[in-house]
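Undergrad: Residue numbers (my numbering), protein chains in the order written: chain A, 1 to 72; chain B, 73 to 254.
All C-beta atoms in this analysis are idealised placements derived from N, C-alpha and C, irrespective of residue type, glycine included.
What follows is a single structure, and I will ask about it in a moment.
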Amino acid sequence: MSTTVDARGLSCPQPVILALDEIKKGKDKDIIVLVDTDTSKENVMRAATSQGYRINAVTPESEGYRIQIIKS
Amino acid sequence: MFGFFKKKGAEQKEKQGKLFVDRGILVFENTSEVIQAENILKKTGWPVRVMGPPPEIQRGCDLVIEFPLIEELNILRELQNAKIPPLEVVPVTAPLLKPVDLFHTKDFGAYLMVRAANMKITIAKEGLKIVNISGGGCPDVPYLAYQMVGRTLEETPSPKDLGHTLCGYALQLAYEELRRIC
């Protein structure tokens, strides 16, 4: 079971904060983060890695990227 | 008689106080001149501060240096010697000539963001760990972020030791402001 965080349309640092809030809840090992800019993608990936998550997949979508992060 | 000296002393103190608060701003052509001038003037011991330009100033770059007006001649001589004379020296005499604070702080609940010029640092309030570095557009920003994200304000290397661009400089200002607040 995965949780999806929709951070599209938000400016920095809000996508990172939303992703970290979900990570902190610790309910799911598998989190999907939707972002719409390259900068948000990089920032979310960096923040997730620093929290002990690994980037499982980054899929370009029509409105940006779908980032799947998994607890290592 | 003692009353006279007391009054004279109070006048002198008031005058000194007024002189101390009289400020001026130095406007430069570009930000690298601002950075150089700040370094030189701080090394010499003058109480200067990098700020944003006031709305009425149309010339120069996005940063100005605020300085004590009483030191104008000495400071200009120092800058002439260093071959970085300012474009303009403006006494701060009206509200529209007041330099603007470079910092913008935003509270996101568990997180705190400080922006200085074009760079932002966000930390988790609990543990003071850096969770995000963003802004800029300079080539060293990804490297700065890589080095700093995940570290606490205590642990992280200073941006001025890592960066080589205006973004690194602005990030240093934001970092110093966070250190001051937290």
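Along chain A, in chain order, which residues have C-beta atoms closer than 8 angstroms to that of B:Ser104?
TA: Within the second sequence, residue 104 of chain B is the residue found at index 32, counting from 1. None at all; the shortest Cβ gap to chain A is about 25 angstroms.
Undergrad: So, does the CB of B:Lys197 fall closer than 8 angstroms to a CB anywhere in chain A?
TA: The sequence position of residue 197 of chain B within the second sequence is 125, counting from 1. With 8 angstroms as the cut-off, B:Lys197 does not count as an interface residue toward chain A.
Undergrad: Could you check whether the Cβ of A:Lys71 sits closer than 8 angstroms to any Cβ belonging to chain B?
TA: Within the first sequence, numbered from 1, the residue matching residue 71 of chain A stands at position 71. Closer than 8 angstroms: no.
Undergrad: Express the C-alpha separation of B:Arg223 and A:Val35 in angstroms, rounding to a whole number.
TA: As a first step, residue 35 of chain A is located in the first sequence; it is residue number 35 there, counting from the start. As a first step, residue 223 of chain B is located in the second sequence; it is residue number 151 there, counting from the start. Those two C-alpha atoms are separated by around 24 angstroms.
Undergrad: If you scan the region 141-205 of chain B from start to end, which runs of the beta strand (DSSP E) of 3 or more residues do you find wholly inside it?
TA: Entirely contained in the region 141-205 of chain B, the beta strand (DSSP E) runs reaching 3 residues are, in chain order, 160-163, 175-179, 183-188, 191-196.
Undergrad: Let me confirm a value: B:Glu128 is counted as buried when at least 16 other C-beta atoms fall within 10 Å, else exposed. Which label applies?
TA: Residue 128 of chain B sits at position 56 when you count from the first residue of the second sequence. Answer is exposed; the Cβ neighbour count stays below 16.
Undergrad: Check this for me: beta carbons of B:Pro126 and B:Val172, under 8 angstroms apart or not?
TA: Looking up residue 126 of chain B in the second sequence gives position 54. Looking up residue 172 of chain B in the second sequence gives position 100. Contact: yes.
Undergrad: Going by C-alpha distance, which of B:Glu248, B:Leu135, B:Met220 is nearest B:Tyr170?
TA: Translated into positions along the second sequence, residue 170 of chain B becomes position 98. Just to set this straight, residue 170 of chain B is Lys in the shown sequence, not Tyr. Residue B:Leu135 is the option with its Cα nearest to B:Lys170.
Undergrad: Around the C-beta of A:Thr4, are 16 or more other C-beta atoms found within 10 angstroms, so that it is buried, or is it exposed?
TA: Locating residue 4 of chain A in the first sequence gives position 4, where the first residue counts as 1. Exposed, because fewer than 16 other Cβ atoms sit within 10 Å of the Cβ of A:Thr4.
Undergrad: Within a Cβ cutoff of 6 angstroms, which residues of the same chain sit near B:Ile97, ignoring the five residues on either side of it in sequence?
TA: Along the second sequence, read from residue 1 onward, the residue named residue 97 of chain B stands at position 25. Contacts found: Val136, Glu138, Val162, Pro171.
Undergrad: For A:Ile70, I'd like the list of residues in its chain whose CB is within less than 7 angstroms of its CB, leaving aside the five on either flank, ordered along the chain.
TA: Position 70 of the first sequence, counted from the start, is the residue given in the question as residue 70 of chain A. Result list for A:Ile70: Lys29, Asp30, Tyr53, Arg54, Asn56, in chain order.
Undergrad: Does the beta carbon of A:Arg46 come closer than 8 angstroms to any beta carbon on chain B?
TA: Reading the first sequence from its first residue, position 46 is the one you call residue 46 of chain A. Yes, A:Arg46 counts as interfacial toward chain B.
Undergrad: Please confirm if A:Asp31 has its CB atom under 8 angstroms from at least one CB of chain B.
TA: Here residue 31 of chain A refers to the residue found at position 31 when the first sequence is read from its first residue. The question names Asp, but residue 31 of chain A in the sequence shown is Ile. No, A:Ile31 lies away from the interface with chain B (no Cβ there is under 8 angstroms from its Cβ).
Undergrad: Work out the CA separation of B:Asn153 and B:Lys87 for me, nearest whole Å.
TA: If you number the second sequence from 1, residue 87 of chain B lands on position 15. If you number the second sequence from 1, residue 153 of chain B lands on position 81. Any reading at B:Lys87 must be qualified, since the residue scores a pLDDT of 44, below 50, and its modelled position is unreliable; the value itself is stated next. Going from the Cα of B:Lys87 to the Cα of B:Asn153 covers about 31 angstroms.
Undergrad: Please classify A:Pro15: is it buried, with 16 or more other beta-carbons within 10 angstroms of its beta-carbon, or exposed?
TA: The sequence position of residue 15 of chain A within the first sequence is 15, counting from 1. A:Pro15 should be labelled buried.
Undergrad: Which one of A:Lys25, A:Asp21, A:Lys41, A:Gly26 has the shortest CA to CA distance from A:Pro60?
TA: Numbered from its first residue, the first sequence carries residue 60 of chain A at position 60. The candidate whose alpha carbon is nearest that of A:Pro60 is A:Lys41.
Undergrad: Give me whichever residues DSSP pairs with B:Ile137 in a beta bridge.
TA: Numbered from its first residue, the second sequence carries residue 137 of chain B at position 65. Looking at the DSSP assignment, B:Ile137 forms a beta bridge with B:Leu98, B:Val122.
Undergrad: Please identify, using Cβ separations under 8 angstroms, the residues of the region 206-223 of chain B that lie next to chain A, in order along the chain.
TA: From the region 206-223 of chain B, only Ser206, Gly207, Pro214, Ala217, Tyr218, Val221, Gly222 have a Cβ closer than 8 angstroms to chain A.
Undergrad: Is it the case that the Cβ atoms of B:Ala196 and B:Tyr183 are separated by a distance below 8 angstroms?
TA: Here residue 196 of chain B refers to the residue found at position 124 when the second sequence is read from its first residue. Here residue 183 of chain B refers to the residue found at position 111 when the second sequence is read from its first residue. Yes.
Undergrad: Kindly indicate the opening and closing residues of the beta strand (DSSP E) around A:Glu61.
TA: As a working mapping, residue 61 of chain A is identified with position 61 in the first sequence. Residues 53-61.
Undergrad: I need the DSSP call for A:Lys71, collapsed to helix, strand or coil.
TA: Here residue 71 of chain A corresponds to residue number 71 of the first sequence, with the count starting at 1. Strand, per DSSP.
Undergrad: Excluding sequence positions up to five away, which residues of its chain have a Cβ less than 7 angstroms from the Cβ of B:Leu238?
TA: Residue 238 of chain B sits at position 166 when you count from the first residue of the second sequence. The residues are Thr103, Cys210.
Undergrad: Should B:Gln244 be labelled buried (16 or more other beta-carbon atoms within 10 Å of its own) or exposed?
TA: Position 172 of the second sequence, counting from 1, holds the residue named residue 244 of chain B. Buried is the call here.
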